[in-house]
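Q: Below is a structure I'd like to ask you about.
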Amino acid sequence: MEARAALLGPGDAHCTTVRVRFGDTDPYGIVYFVSYFRYCHRAIEEYLRAVGLKPEETFKNVEEGFGLPIVEAWARFRRPARYGEVLRVETRIQEIRPKAIIFRFEFFPEEGEELIAEGTANLVAIDRTWRVRDLPEKVRAAISAKRQP
C-alpha cells in the first residue's frame with residue numbers, strides 16, 4: 000500500500016493517502032471491508048510518526064513495559080471505493096481517556112469531499128501482564144500537543 004502523509008495545522012486532521020491495490024479488493028474490484036482496517040492502522044502509524052512517536056515503540060514497548068493494542072474498531076461504508084482509486088484518510092483523535100485513545104477516520108477521494116467511509120479504533124494501554132494501565136505520559140503529551148490550537 001503506497002502512502003503519503005501530511006499534518007495540517009494544529010488540531011486539524013492528519014492526512015494519509017493510500018492507493019487501492021488489487022489485493023485490497025474483492026472479485027468485483029471494490030475495496031474489501033478488511034482493507035479499510037489496514038488503511039486505518041497505516042493512518043495511525045503515520046499519525047504517530049507525525050507527532051514524534053515511533054510506532055514500533057508505541058504499539059509495543061518492551062523496554063518501558065507497555066503496549067497499545069486495538070481493542071475495538073468500527074466502520075461504516077458510504078460508497079464503494081475501487082481498484083486504483085487514491086483515497087485520502089483524515090485521522091483525528093476523537094477522545095483521549097486516562098487509559099485509552101480513540102482515533103477517528105474519514106475516507107475521501109484524494110481530490111474530493113464525498114465521504115466514502117468512516118470509522119474509529121480504540122487503543123487501550125496495557126502493561127507487561129496484559130492488564131489495563133494509564134497511558135504512558137510521553138504518548139499522552141505527544142498526542143495532546145497535536146490537539147492544541
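No gaps in the numbering here: position 114 of the sequence shown is 113 in numbering that gives the first Met the number 0, and each next residue is one more.
We put the beta carbon where it would ideally sit given N, CA and C, even for glycine.
The structure presented is a predicted model; accordingly, all values stated were derived computationally and were not measured.
Could you pull out every residue in the same chain whose Cβ sits closer than 8 Å to the Cβ of residue 133, ignoring the five residues on either side in sequence?
A: The residues are 97, 98, 124.
Q: Could you please give the first and the last residue of the uninterrupted beta strand (DSSP E) stretch that includes residue 119?
A: First-last of the beta strand (DSSP E) with residue 119: 116-123.
Q: Measure the alpha-carbon distance for residue 48 versus residue 25 and round it to whole angstroms.
A: When rounded, the distance between both Cα atoms is 31 Å.
Q: Tell me which residues share the same chain as residue 120 and place their Cβ nearer than 6 Å to its Cβ, disregarding the 5 neighbours each side in the sequence.
A: Correct list, in chain order: 39, 69, 72, 102.
Q: Would you tell me roughly how many angstroms separate the C-alpha atoms of residue 29 and residue 89, rounded to the nearest one?
A: Rounded to the nearest angstrom, the two C-alpha atoms are 20 Å apart.
Q: In or out: residue 3 buried (at least 16 other Cβ within 10 Å) or exposed?
A: Bear in mind that the predicted position of residue 3 carries a pLDDT of just 44, short of 50, making it too unreliable to give a figure here.
Q: Following the continuous beta strand (DSSP E) through residue 17, name the residue where it begins and the one where it ends.
A: Residues 13-18.
Q: Could you check which residue in 55, 59, 82, 27 has the C-alpha nearest to that of residue 17?
A: Considering only alpha carbons, the answer is 82.
Q: Looking at residue 122 and residue 106, is the spacing between their C-beta atoms short of 8 Å?
A: Not a contact, by the Cβ cut-off of 8 Å.
Q: Here's the rule I'm using: 16 or more other beta-carbon atoms within 10 Å means buried, otherwise exposed. How should residue 23 be labelled?
A: When all chains shown are included, residue 23 counts as buried.
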